[in-house]
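S.K.:
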Amino acid sequence: MTENSYSEISIQTDDFSLADEVALLEQDNAIDGAVVTFTGRVRNKNEGKDVTSLTLEHYPGMTEKSLGQIINTAKERWRLGRVKVIHRVGELFIGDQIVFVGVTSKHRQDAFAANEFIMDYLKVRAPFWKKESTEQGNNWLDAKTSDENKAAKW
Amino acid sequence: MIKVVFFAALREQLNCSELSLSSENLTTVADLKAELASKDDKWQQVFANSALLSAVNHDMVNSEQLIKSGDEVAFFPPVTGG
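Those sequence lines, one after another, are chains L and G. When we follow my numbering, the leftmost residue of the first sequence carries the number 1, and every step to the right adds one. When we follow my numbering, the leftmost residue of the second sequence carries the number 1001, and every step to the right adds one.
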């Protein structure tokens, strides 16, 4: 841990700018040589159905707490500088950004691994739920066993 | 009193986002589930789902978790964010 390191979590309805987020991770940060970012977006199809929109619900309070715990675990396992997690809620449309995870570290291995770890755990531990709107109607998405398996491999 | 909150599909099935009930005779999350399931057939059916997740004061817990007056207990389906 150095003064340079921090972590930040934002749950928001507004969109975010990947360029702005990368600029913040890099600003006054000469000690980290690696910046790894992940952005998740709304796909046009899910299980063969045409998706028109997704509505994201979450559990305010628990969401921030669970993401904080995931980030802390990542910081214990890898040597990280800055961590930023953004997750949007509310109604989102095809191509919209849903989630952002940005991690910096001195060298790339730590940032790559920690970024994937944070996303894998966010998927199975953070209390968000997606409701999908399609031509056939609205339905809550089911959790995937494959996501549990991905998180368990860490 | 114990505050109980419900989310996503569960909230819609029960048509209830939040309720409060006396903590008397409730020692664990399992006791609370049994109490809620006894409300009527619909609640019985919803709480029979073994995939249901529970949290106490914003931490994920299992059914053996102890609860006390002032706690916030949440029930919800497996999460699907990201």
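In this text, a Cβ means the ideal position worked out from N, Cα and C, and glycines have one as well. Note that the structure is predicted; figures quoted are calculated from it, not measured.
Could you pull out every residue in the same chain whose Cβ sits closer than 8 Å to the Cβ of G68 (chain L), ignoring the five residues on either side in sequence?
M.R.: Your numbering for residue 68 (chain L) matches position 68 in the first sequence. Closer than 8 Å at Cβ, skipping near neighbours: S7 and I9.
S.K.: Please find out if some non-hydrogen atom of the ligand PLP comes closer than 6 Å to the beta-carbon of S66 (chain L).
M.R.: Of ligands this structure carries none, so the ligand PLP is not represented either.
S.K.: Determine the chain G residues that contact L122 (chain L) at a beta-carbon separation under 7 Å, and present them in chain order.
M.R.: The sequence position of residue 122 (chain L) within the first sequence is 122, counting from 1. Result: G1081 and G1082.
S.K.: Only counting the same chain, and skipping five residues up and downstream in sequence, which positions put a Cβ closer than 8 Å to that of M1060 (chain G)?
M.R.: Taking the second sequence and counting its residues from 1, one reaches residue 1060 (chain G) at position 60. So the qualifying residues of the chain are L1053 and S1054.
S.K.: Runs of 3 residues minimum, wholly inside the segment 76-131 of chain L: which ones carry the beta strand (DSSP E) assignment?
M.R.: 82-88, 90-93 and 97-105
S.K.: Determine which residues share a DSSP beta bridge with W140 (chain L) and list them.
M.R.: Position 140 of the first sequence, counted from the start, is the residue given in the question as residue 140 (chain L). In the DSSP output, where bridge partners are listed per residue, W140 (chain L) has L:K131.
S.K.: So that I know if they touch, is there some Cβ in chain L lying closer than 7 Å to that of A1055 (chain G)?
M.R.: Walking along the second sequence from the start, residue 1055 (chain G) turns up at place 55. For A1055 (chain G), the answer is yes, since a Cβ of chain L falls inside 7 Å of its Cβ.
S.K.: Along the segment 1004-1023 of chain G, what residues have a CB closer than 7 Å to any CB found in chain L?
M.R.: F1007, A1008 and A1009
S.K.: Any beta-carbon of chain G closer than 7 Å to the one on P60 (chain L)?
M.R.: Along the first sequence, one-based indexing puts residue 60 (chain L) at 60. Interface residue (Cβ-Cβ distance to chain G less than 7 Å): P60 (chain L) is not classified as such.
S.K.: Return no unless some Cβ of chain G is closer than 7 Å to the Cβ of M1 (chain L).
M.R.: Walking along the first sequence from the start, residue 1 (chain L) turns up at place 1. The predicted position of M1 (chain L) is uncertain, since its pLDDT is 46 and thus under 50; a value taken from the coordinates is nonetheless stated next. Closer than 7 Å: no.
S.K.: Since F1007 (chain G) and A1074 (chain G) should fall inside the 8 Å C-beta cutoff, what is the C-beta to C-beta distance between them, to a whole number of angstroms?
M.R.: As a working mapping, residue 1007 (chain G) is identified with position 7 in the second sequence. As a working mapping, residue 1074 (chain G) is identified with position 74 in the second sequence. Taking 8 Å as the upper bound for CB-CB distance, F1007 (chain G) and A1074 (chain G) are in contact here, some 7 Å apart.
S.K.: From the DSSP output, which residues share a beta bridge with Q12 (chain L)?
M.R.: Residue mapping note: residue 12 (chain L) aligns to position 12 of the first sequence, counting from 1. Looking at the DSSP assignment, Q12 (chain L) forms a beta bridge with L:R88.
S.K.: Ignore the nearest five residues each way along the sequence and tell me which others in N44 (chain L)'s own chain have a CB closer than 7 Å to its CB.
M.R.: Position 44 of the first sequence, counting from 1, holds the residue named residue 44 (chain L). D50, V51 and I94.
S.K.: Can you check whether the CB of T63 (chain L) is closer than 7 Å to the CB of P127 (chain L)?
M.R.: Taking the first residue of the first sequence as 1, we reach residue 127 (chain L) at position 127. Taking the first residue of the first sequence as 1, we reach residue 63 (chain L) at position 63. With a cutoff of 7 Å on beta-carbon distance, P127 (chain L) and T63 (chain L) are scored as near each other.
S.K.: For the alpha helix (DSSP H) that K150 (chain L) lies in, which residues bound it at each end?
M.R.: Residue numbering aside, residue 150 (chain L) sits at position 150 when the first sequence is read from its first letter. Where K150 (chain L) is concerned, the enclosing alpha helix (DSSP H) stretches over T145 to A152.
S.K.: Buried or exposed for G1070 (chain G), going by 16 or more other Cβ atoms inside 10 Å?
M.R.: For the purposes of this step, residue 1070 (chain G) is identified with residue 70 of the second sequence, where counting begins at 1. When all chains shown are included, G1070 (chain G) counts as exposed.
S.K.: By the criterion of Cβ-Cβ separation under 9 Å, what are the contact partners of F1076 (chain G) in chain L?
M.R.: Along the second sequence, read from residue 1 onward, the residue named residue 1076 (chain G) stands at position 76. Per Cβ cutoff of 9 Å: Y59, P127 and W129.
S.K.: What is the DSSP secondary structure of V1046 (chain G), reduced to helix, strand or coil?
M.R.: As a working note, residue 1046 (chain G) is residue 46 in the second sequence. Looking at V1046 (chain G) - three-state DSSP - the assignment turns out to be helix.
S.K.: With 16 as the cutoff for other CB atoms within 10 Å, does H107 (chain L) come out buried or exposed?
M.R.: Taking the first sequence and counting its residues from 1, the one referred to as residue 107 (chain L) is at position 107. Looking at its Cβ environment, which holds fewer than 16 other Cβ atoms inside 10 Å, H107 (chain L) is exposed.
S.K.: CB-CB under 6 Å to A1037 (chain G), same chain, minus the five flanking residues each way: which ones, in chain order?
M.R.: Indexing the second sequence from 1 puts residue 1037 (chain G) at position 37. These residues qualify, in order along the chain: W1043, Q1044 and F1047.
S.K.: For the 8 Å Cβ check, are there 3 or more pairs between the segment 75-92 of chain L and the segment 120-137 of chain L?
M.R.: yes
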